[in-house]
Amino acid sequence: MGGEFELNRVFDLDLQLLQDAALMIIAIFVLFLVASYFLFNPLRDMMEKRKNKIKDELDNAAKNEADAIAMKEEYASKLKEVEKEAEGILADARKRAIDNETRIVNEAREEAARILERARTEAELEKQKAADDVKREMVVLASLMAGKVVKASIDTTVQETLVDETLKEIGDSTWLS
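Note that the working numbering gives residue 159 to position 159 of the sequence shown, counting from 1, and the numbers run on in steps of one.
See below:
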């Protein structure tokens, strides 16, 4: 029966075993408190800080995204304004070019009219000069005829006949112009 006694003793709860178990439980509880104070609390604090940091970064990212969208819209509106301004500048340049073209064409027409008028005036002067030259020639011819008449001692009726014949040869229109 010696084996039974030992078997009872292993499963038998005696005071010493209970004290050792209680002391072990207290030691584990104290160890848990110490570990909690020195390990778990700093770990919880670190996890809370990390959680807050991640939350702040997400908030920052959302704010940055909203700022980027607003900035994109602002740049798009500014780009539209710049395009409108550029179109206005181009329209103004076209208008000035058309005005300049019109002015140049008008100046060219005026210059052409002045040139034509000058050419007409010069032609008129040349015509007048030619008519004056013809008249001078006629006067010279008349003088020569008069000289011949005097030499020939012809009477006045012959002189008048010679002058009339000369005039007919030259033409009445020359004297009239």
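Using N, Cα and C, we set each Cβ at its ideal position, and we do this for glycine too.
Return the CA-CA distance between residue i and residue j, expressed in angstroms with no decimal places.
i	j	result
residue 108	residue 101	10 Å
residue 18	residue 27	14 Å
residue 51	residue 38	20 Å
residue 30	residue 15	22 Å
residue 161	residue 168	11 Å
residue 24	residue 46	31 Å
residue 54	residue 90	52 Å
residue 73	residue 67	10 Å
residue 88	residue 65	34 Å
residue 58	residue 48	15 Å
residue 86	residue 99	20 Å
residue 76	residue 69	10 Å
residue 104	residue 123	28 Å
residue 61	residue 81	30 Å
residue 97	residue 106	14 Å
residue 93	residue 79	21 Å
residue 43	residue 83	58 Å
residue 32	residue 56	33 Å
residue 133	residue 125	12 Å
Residue j and residue i - do their beta-carbons sit closer together than 8 Å?
i	j	result
residue 170	residue 145	no
residue 141	residue 166	yes
Consult DSSP for residue i and reduce its assignment to one of helix, strand or coil.
i	result
residue 14	coil
residue 88	helix
residue 65	helix
Would you say the beta carbon of residue i comes nearer than 7 Å to a heavy atom of the ligand HEM?
i	result
residue 33	No copy of the ligand HEM appears in this structure; indeed no ligand is present at all.
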